[in-house]
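Down below is the structure, laid out as structure tokens.
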Amino acid sequence: MYLSFFNLKDKPFSNTFQRNFLYLNEYNRLLLRSLIEDLDRFNLHLVMGEAGSGKTTLIKRFLESMPSQIKCIKINYIAHDESDFIRFIALELGLSGKSSRTDVIKAINALSEQYVRVILVVDDADRLTAGALKMLIDSTEELRMQNCPFNLILVGLTALKTSLDEEGLLDGLEGYFRTYYVSGMHKADMEEYIRFRLAVAGSEERDLFDKAALESIFKYSKGLPRLINMICEASLLNAYLMNEKTVTEQTVQRAMKDLLLEEDFRIASLSIPVSPIEESAPPIVETEKEGAETSTSAEEEALKGVIEREIATKTYHSKEVLSSRVLVLDTSARMRMHYENYFTQKGISFRVFKEFNQLFSFLREETKPAIDILVLDSEYLFIKGGLESPEGMKALDILLKEFSFLPVIVTSTLPLSVIRNKLLQKGLAYFVCKPELKEIDLSEVRTRLSGFFRELDLFREFIERQFDSFYRRVLQNDRVK
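Residue 271 in the working numbering sits at position 81 of the sequence shown, with consecutive numbering throughout.
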């Protein structure tokens, strides 16, 4: 969206791992060198740090540096029990998925006889069960006792060490394992990191982010690469939308207001000092509240109207319960698949569409009484830079005129400040920030989607409670009459 505006060839602050954007400060370079040198000295390695500190990036660089005679196995997901680990490792070693732990240990020993070292890396290890951790560490110790060149690298939050200590899994292993801590950057490193990534992306402007902007980014990111990337990305987008060629402190402040509305950012940031933003934000906050209240009132009237119409035709009786259903209209096939999987798993009635015409046909033909809630992708309504799509707005007008009773939750990967006021003017008051799946690693997809669906469920449940309240009230009034 903003690449040509800033004369960039690539997005400089994507959180997806790209080899040419890799930046390691001096501390992490030393850590990486220590990890490599320690392979012959220790069998068990614990790589820990805060969320977003760059642990996964460091490990990817480590694995890239390994020579071909080393067999590297990396497990990216955490939903594994002991049997899952054995099955996964067995398949990586060319064994049957039904192989036992003993079979795996024999295969690793056989590789050692061919002078092949095996390195097993487990990411998000702090979320493993105690049983899975015990199996991994016991197997590592067994291989060590057999003088087998095998290394287990557990990567996770600092809670990993606490879990291992509480379970007593490191008892007696002193001298056989090594701990490494990945930390956030100092301010000078962060500034160099930002300039480095901009230069790789094609920027010739050394001061695209001015000094005050860099100060703010360091304050809010705490020097953590993941947060730095998210803040810089949002700041560039905001600068582009405001036609500003330099990212200033004010640009960063605007970006932070958008980011603080995104649950995946709030999860990633853990705790963000928001007082500076609060000091500069009251007018916007008050405006949003007033708009939301007005739109909710309009929504309530629409809900009341549809109930009254149904009662007038004697569709319902007081003891009947209205069923609810989610209608999804999304441009992304991948996102539609995630909706289907999530709603199926949760037992929620739903229908998924990819075009407005499909949705309209369904609504016109559907006779089953239900409270329908539409989850609408903003990409149907807005194009580059948050500009309105004429076709999309025409379809939205039809939706709001012909199906005014239908509650709508708008999802968007755009900064909400860009589209919120335009949608509030249309009477749409529910917004949820949606993760841009093309821009994140597979390892982050579940976390981002979890936050998104949690927020979506809050809106959905609120609307259902609201509808049920009006339904009961109208029925009660109808009985009195």
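For glycine and all other residues, C-beta sits at the position ideal for the given N, C-alpha and C.
Sequence-distant residues of its chain with Cβ nearer than 7 Å to residue i (five each side left out)
i, result
"LEU388", "PRO202, LEU398"
"VAL442", "ALA403, SER406, ILE407, ILE421, SER425"
"GLU332", "ILE295"
"ARG190", "Because the chain is modelled from 191 through 671, residue 190 falls outside the range shown and cannot be assessed."
"ASP562", "ARG515, LEU517, LEU596"
"LEU229", "ASN341"
"TYR213", "TYR383, PHE386, ARG387"
Alpha carbon of residue i to alpha carbon of residue j, nearest angstrom
i, j, result
"PHE621", "THR436", "29 Å"
"ARG368", "GLU227", "11 Å"
"TYR529", "ILE599", "14 Å"
"CYS338", "ARG644", "46 Å"
"GLN259", "MET375", "34 Å"
"ILE407", "PHE386", "16 Å"
"LEU323", "ARG251", "24 Å"
"LYS401", "ILE418", "15 Å"
"ASN197", "THR557", "54 Å"
"LEU517", "LEU589", "13 Å"
"PHE657", "LEU646", "17 Å"
"VAL390", "GLU434", "21 Å"
"LEU450", "LEU648", "17 Å"
"VAL464", "SER411", "Note that VAL464 scores a pLDDT of 36, beneath 50, so its modelled location is shaky and nothing firm can be said."
"LEU553", "ASN611", "27 Å"
"LEU360", "ARG416", "31 Å"
"ARG650", "TYR192", "33 Å"
"GLN548", "SER640", "28 Å"
"GLY576", "ASP448", "14 Å"
"LEU310", "GLY244", "19 Å"
"TYR366", "GLU545", "59 Å"
"GLY582", "PHE550", "13 Å"
"THR206", "GLU592", "42 Å"
"ARG209", "PHE642", "29 Å"
"GLY362", "ASP355", "11 Å"
"PHE652", "ARG524", "27 Å"
"GLN440", "ASN266", "38 Å"
"PHE278", "LYS377", "41 Å"
"ALA429", "ILE609", "16 Å"
"LYS536", "LYS199", "42 Å"
"TYR532", "PHE540", "10 Å"
"THR292", "GLU394", "57 Å"
"SER224", "MET527", "43 Å"
"THR247", "TYR217", "14 Å"
Nearest to residue i (by Cα), restricted to the options the options
i, options, result
"LYS624", "TYR371, THR637, PHE252, LEU586", "THR637"
"ILE538", "GLU654, PHE593, VAL600", "GLU654"
"PHE340", "LEU363, LEU301, TYR371", "LEU301"
"TYR383", "GLN208, THR534, TYR370, GLY413", "GLY413"
"LEU596", "ARG610, MET583, GLY617", "GLY617"
"GLY287", "ILE298, GLU569, SER273", "SER273"
"THR534", "ASP520, ARG515, LEU285, SER551", "ARG515"
"ASP314", "GLN336, LEU236, LEU285", "LEU236"
"LEU614", "LEU627, THR603, LEU586", "LEU586"
"SER194", "LEU431, LEU549, GLU331", "LEU431"
"PRO257", "ASP520, VAL306, ALA378, LEU248", "VAL306"
"SER373", "ASN215, GLU626, ILE609", "ASN215"
"ARG219", "GLN548, GLY582, TYR370", "TYR370"
"GLU357", "GLN208, THR319, ASN547", "THR319"
"LEU427", "ARG396, GLY284, MET446", "MET446"
"THR521", "ASP361, TYR570, LYS536", "TYR570"
"GLN336", "ALA297, THR352, VAL312", "ALA297"
"LYS409", "GLU394, ALA429, MET380, GLN208", "MET380"
"THR352", "ILE249, MET238, GLU364", "MET238"
Cβ-based neighbour list, residue i, same chain, cut-off 6 Å, excluding 5 preceding and 5 following
i, result
"LEU253", "CYS262"
"MET325", "GLU272"
"LYS264", "VAL311"
8 Å contact criterion, which residue i and residue j should meet: CB distance rounded
i, j, result
"LEU342", "LEU350", "About 13 Å separates the two Cβ atoms, so there is no contact after all."
"THR601", "VAL565", "6 Å"
"LEU347", "ASP328", "Incorrect: roughly 23 Å between the Cβ atoms, too far for contact."
"SER513", "ALA560", "5 Å"
"THR330", "LEU222", "Contact doesn't hold; Cβ gap of about 21 Å is too wide."
"LEU285", "VAL294", "7 Å"
"LEU604", "SER568", "6 Å"
"SER290", "ILE276", "7 Å"
Sequence-distant residues of the same chain with beta carbon closer than 8 Å to residue i, five excluded per side
i, result
"SER579", "TYR570, LEU571, PHE572, ILE573"
"ARG231", "ARG368"
"ILE249", "VAL237, LYS264, VAL311, ASP313, ILE343, VAL345"
Chain C contact for residue i (CB, 8 Å cutoff)
i, result
"VAL308", "Of the protein chains in this structure there is only one, and it is not chain C."
Checklist line | beta strand (DSSP E) segments (min. 3 residues) lying fully within the segment 330-409 | finding: Along the length of the segment 330-409, whole beta strand (DSSP E) runs at least 3 residues long occupy 340-346, 367-372, reported in chain order.
**Asked** In the segment 217-260, which residue ranges form an unbroken beta strand (DSSP E) of at least 3 residues, counting only runs that do not cross its ends?
**Response** 234-239, all fully within the segment 217-260.
Q.
List, from N- to C-terminal side, the alpha helix (DSSP H) runs of 4 residues or more that fit wholly inside the segment 517-572.
A. Within the segment 517-572, the complete alpha helix (DSSP H) segments at least 4 residues long are 523-536, 546-555, listed from N- to C-terminus.
Note to self: Quick check for students: name the residue ranges of the beta strand (DSSP E) that lie wholly in the segment 580-630, counting only runs of 3 or more.
What the structure shows: Fully enclosed beta strand (DSSP E) runs of no fewer than 3 residues occupy 598-602, 620-623 of the segment 580-630, in order along the chain.
Give the list of continuous beta strand (DSSP E) stretches no shorter than 3 residues that lie fully inside the segment 405-445.
Whole beta strand (DSSP E) segments, 3+ residues: zero.
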